[in-house]
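Enquirer: Please read through the structure below; I'll follow up with questions.
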Amino acid sequence: MFSFSYVFALANFMSSMVTCTLFEQQRLFSSIDVTSKPSIPGGSTFEYCSESDPENDIFIIEKIKWDPNPPTISREQKLLVFGTFSQRIPSSANGTGTVYIPEWHNPESPASNYTETSPFCTWPNFVYQTDEARGLHKVCDGAVGANFSAPEAGSAILVSEDILFWPLPEGEYGLKLDMLMLKDEEGEGGERIFCFEGKVDLSY
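Under mature numbering (1 follows the signal peptide of the UniProt record, and there is no 0), the letters of the sequence shown match residues -20 to -1, 1 to 184, in that order.
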């Protein structure tokens, strides 16, 4: 059967910006195969999700840089998301990441989707912002589980870096990352912070 250890290993990087707290099997991607969505500047393969309204999302993505592009198994990877928050992001906000796992050339290991959900500020690495008093500073440090302060309105850089060293199968992987504000007790809220998705060919 499909080894969940490989899924956890892959999701630790491919989900890029959410720490794994919940995995559940999902239907195979459908929206990720749609080619009519606008691309995001920066040279990556990511596009806005069909659910996203780029002009009205809370975090307006300006560009995404992925180095190396495409990522290579066994090499260090760095993902940089540049943009601007239109309002403060409380620690109660969360995100859902979905990773599409290709077939492993094994009839007992079919292609699958797995989803994970985690608070916004438990990202594997860093969120940077700048102000006159502190200059460039960390807002969230997911590497140590620290939430120094909530991201404020203004420009920011979201950083994820890791070494993709697991024995993963070569092939086309899909990633969808959807960040939302939490709803209150009356069901109000739930605004989208951002959502992007894309495909990447992993190889050695």
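In this text, a Cβ means the ideal position worked out from N, Cα and C, and glycines have one as well.
Note that the structure is predicted; figures quoted are calculated from it, not measured.
Suppose the cutoff is 6 Å on Cβ atoms and the five residues either side in sequence are ignored; what does the same chain contact list for phenylalanine 26 look like?
Expert: Taking the sequence shown and counting its residues from 1, the one referred to as residue 26 is at position 46. Closer than 6 Å at the Cβ level, and outside the excluded window around phenylalanine 26, lie Ile20, Ile44, Phe176 and Gly178.
Enquirer: Under 8 Å, Cβ to Cβ, is there at least one residue of chain C near tyrosine 80?
Expert: In the displayed structure, chain C is absent; only one protein chain is listed.
Enquirer: Enumerate in chain order the residues of its own chain whose CB-to-CB distance from alanine 133 is below 7 Å, with the five nearest sequence positions on each side excluded.
Expert: Taking the sequence shown and counting its residues from 1, the one referred to as residue 133 is at position 153. Contacts found: Phe65, Ser66, Gln67 and Arg68.
Enquirer: Mapping the DSSP letters down to three states, classify methionine 161 as helix, strand or coil.
Expert: Locating residue 161 in the sequence shown gives position 181, where the first residue counts as 1. In this structure, methionine 161 counts as coil in the three-state DSSP scheme.
Enquirer: Taking only runs that begin and end inside the stretch 40 to 87, name each unbroken beta strand (DSSP E) of 3 or more residues, in chain order.
Expert: 56 to 65 and 74 to 81
Enquirer: Can you tell me which residues form a DSSP beta bridge with serine 98?
Expert: Counted from its first residue, the sequence shown places residue 98 at position 118. According to DSSP, serine 98 bridges with Gly75.
Enquirer: So for threonine 25, helix, strand or coil by DSSP?
Expert: In the sequence shown, counting from the first residue as 1, residue 25 sits at position 45. Looking at threonine 25 - three-state DSSP - the assignment turns out to be coil, as it is neither helix nor strand.
Enquirer: What is the DSSP secondary structure of aspartate 181, counted as helix, strand or coil?
Expert: Here residue 181 refers to the residue found at position 201 when the sequence shown is read from its first residue. Correct three-state label for aspartate 181: strand.
Enquirer: Taking only three categories from DSSP, how would you classify isoleucine 173?
Expert: Working through the sequence shown from its first residue, we reach residue 173 at position 193. In the structure shown, isoleucine 173 sits in a strand (DSSP, three-state: E or B).
Enquirer: By Cβ distance, which residues of its chain are closer than 6 Å to glutamate 42, with the 5 residues on each side in sequence left out?
Expert: Taking the sequence shown and counting its residues from 1, one reaches residue 42 at position 62. Only Phe62 and Gly63 meet the Cβ criterion.
Enquirer: Roughly how many angstroms separate the alpha carbons of leucine 2 and threonine 97, rounded to a whole number?
Expert: If you number the sequence shown from 1, residue 2 lands on position 22. If you number the sequence shown from 1, residue 97 lands on position 117. Note that leucine 2 has pLDDT 29, beneath the 50 cutoff, so the model's placement of it is unreliable and the number below is only indicative. Taking the straight line from one Cα to the other gives about 6 Å.
Enquirer: Would DSSP call aspartate 142 helix, strand or coil?
Expert: As a position in the sequence shown, residue 142 is number 162, starting the count at 1. Three-state DSSP puts aspartate 142 in a strand.
Enquirer: Quick one: grab the DSSP three-state call for asparagine 93.
Expert: On the sequence shown, residue 93 is found 113 positions in, with the first residue counted as 1. Look at asparagine 93 here: in three-state DSSP terms it is strand.
Enquirer: From glutamate 166 to threonine 78, what distance separates their C-alpha atoms?
Expert: In the sequence shown, residue 166 corresponds to position 186, counting from 1. In the sequence shown, residue 78 corresponds to position 98, counting from 1. One C-alpha to the other measures close to 28 Å.
Enquirer: Let me know if tyrosine 28 comes out buried or exposed under the rule of 16 or more other beta-carbons within 10 Å of its beta-carbon.
Expert: On the sequence shown, position 48 is the one that residue 28 refers to. Tyrosine 28 counts as buried, since at least 16 other C-beta atoms from the protein chains shown sit within 10 angstroms of its C-beta.
Enquirer: Is the distance from the Cβ of leucine 182 to the Cβ of glycine 151 below 8 Å?
Expert: Within the sequence shown, numbered from 1, the residue matching residue 182 stands at position 202. Within the sequence shown, numbered from 1, the residue matching residue 151 stands at position 171. Their beta carbons are under 8 Å apart, which means leucine 182 touches glycine 151 by this criterion.
Enquirer: Could you tell me the distance, in whole angstroms, from the CA atom of leucine 116 to the CA atom of tyrosine 184?
Expert: Residue 116 sits at position 136 when you count from the first residue of the sequence shown. Residue 184 sits at position 204 when you count from the first residue of the sequence shown. In a straight line, the C-alpha of leucine 116 is about 35 Å away from that of tyrosine 184.
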